[in-house]
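Before any comments, here is the structure.
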Amino acid sequence: MNSINKYLKALGLITLLMLTGSTWAQSGEASTAGSIEFYIVMGFVFVTALVVLAVAVVILKLLRLMVKLQTRKEAEARGEVYEEAPQRSWWSKFLTEANDAVPVESEETIMLDHNYDGIRELDNHLPPWWKWLFYGTIAFAVVYLAGYHVFGTMPLQLEEYQSEVAQAEKVALARKADTPVSDINEENVERVTDQALLDNGREVFISNCAPCHKEDGAGGIGPNLTDKYWIHGGDIKSIFKTIKQGVPEKGMISWEPLLSPDEMQNVSSFVMSLAGTNPPNAKGPQGELYEPELEKGVEEPTPTDSVKVVEASM
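Positions -25 to -1, 1 to 289 (mature numbering (1 follows the signal peptide of the UniProt record, and there is no 0)) are the ones given, in order, by the sequence shown.
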């Protein structure tokens, strides 16, 4: 028994060391939080704790073995036959407790009196987990009925949906307020003369329109944009409408899904600024002659060399 006491003292000492290490680790966490050293120390403490736990398990198994040997030795000293009690696994014990099962040797106590053609039945109890689950469903049903249908403290599906829709509409309105959408259309569009806006229109034109009209507007697959002849009208509203709606029969797509109203206004104004630039290798006239009216605040462009215009804009 002295040996057992020594092992118990050793186990207590190991447990004390583990608690001390945990305290040291907590103080280290407070002093070195966020540093690499802290994580290294915590990793070391974690590995050490695992090792100590493994050692403790081994010691416990050794203690059980020593107790078993000591008990057998004492039984032999008394002249008795030592019989080891059968060991049940933890899973077997768990199933017995969970199902409230009666041991096989005690099944006669729950035997029913009635005989079914030589077959006897056992009056087993329902498993406790099943009964508590059943009671839980009853409690849940009572709470659900009271909360949703009696007191109305919890919203039904339709009410919850309407609440979510209302919340989404508020978020959408707030987003629109933060990023207002331009209401420019073909009815109220105006020609812009600000150089920054024209530069934006030139960038949009080069990125999207140049493949068909060339960068200088001389025309290629599409018509020449620098002369006075227009197929769909040469005023700002007609050009904006053509860009917005496109000309599907001629292969020109609608740019409304790809460009904002401001961008379409800017590129329309840039296209009008190309009038009279006389680019080299310009495509022949197409459409009807259009004589623009002098707009307020917009001077009639002076014919010049388009090469110089493109170089200056770049």
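For every residue, glycine included, the Cβ atom is placed at its ideal position computed from N, Cα and C.
- K258 and P198 have their C-alpha atoms spaced approximately 7 Å apart.
- Put simply, the backbone Cα of M41 is about 10 Å away from that of R47.
- When P254, F180, A24, V56 are compared, the shortest CA-CA separation from S244 is found for F180.
- Here H207 is not near I196, since their CB atoms are 9 Å or more apart.
- Per the Cβ contact rule, the region 240 to 254 is in contact with the region 212 to 226 (3 or more Cβ pairs under 8 Å).
- When C-alpha distances from Y57 are compared across G176, D75, Q45, the shortest belongs to Q45.
- Going by DSSP, I113 is part of the alpha helix (DSSP H) stretching over 103 to 120.
- The beta carbon of E162 is closer than 8 Å to those of K212 in its chain, skipping five residues each way along the sequence.
- Going by DSSP, L40 is part of the alpha helix (DSSP H) stretching over 11 to 52.
- Here the alpha carbon of V79 sits roughly 30 Å from the alpha carbon of K36.
- Within the DSSP secondary-structure output, Y204 pairs in a beta bridge with L264.
- Membership of Q220 in the alpha helix (DSSP H) is indicated by the continuous run 211 to 220.
- Taking all protein chains in view, the Cβ of A52 is surrounded by fewer than 16 other Cβ atoms within 10 Å, so the residue is classified as exposed.
- Looking at the DSSP output, Y91 bridges to I94.
- Using a 10 angstroms sphere on the CB of V167, the tally of other CB atoms reaches 16 or more, which defines it as buried.
- Judged by their CB atoms, G176 and Q220 are not nearer to each other than the 9 Å cut-off.
- When beta bridges are read from the DSSP output, M129 appears opposite no residue.
- Within the region 153 to 193, the alpha helix (DSSP H) runs of at least 4 residues that lie entirely inside it are, in chain order, 170 to 179, 185 to 188.
- With a 10 Å radius around the Cβ and a threshold of 16 neighbouring Cβ atoms, W230 comes out buried.
- With distances taken between CA atoms, N160 lies nearest to I218 out of V77, I218, A185.
- By the Cβ-count criterion, G127 is exposed, with fewer than 16 other Cβ atoms from all chains shown falling within 10 Å of its own Cβ.
- Cβ-Cβ distances below 7 Å link M86 to R95, L97 in the same chain, with the five nearest sequence neighbours on each side left out; the list follows chain order.
- Residue nearest to Q261 within the set P267, V33, D237, L200 is L200 (criterion: CA-CA distance).
- Our two residues, E144 and Q137, have alpha carbons roughly 11 Å apart in a direct line.
- With a contact defined as Cβ atoms closer than 8 Å, Y204 and L264 qualify at about 6 Å.
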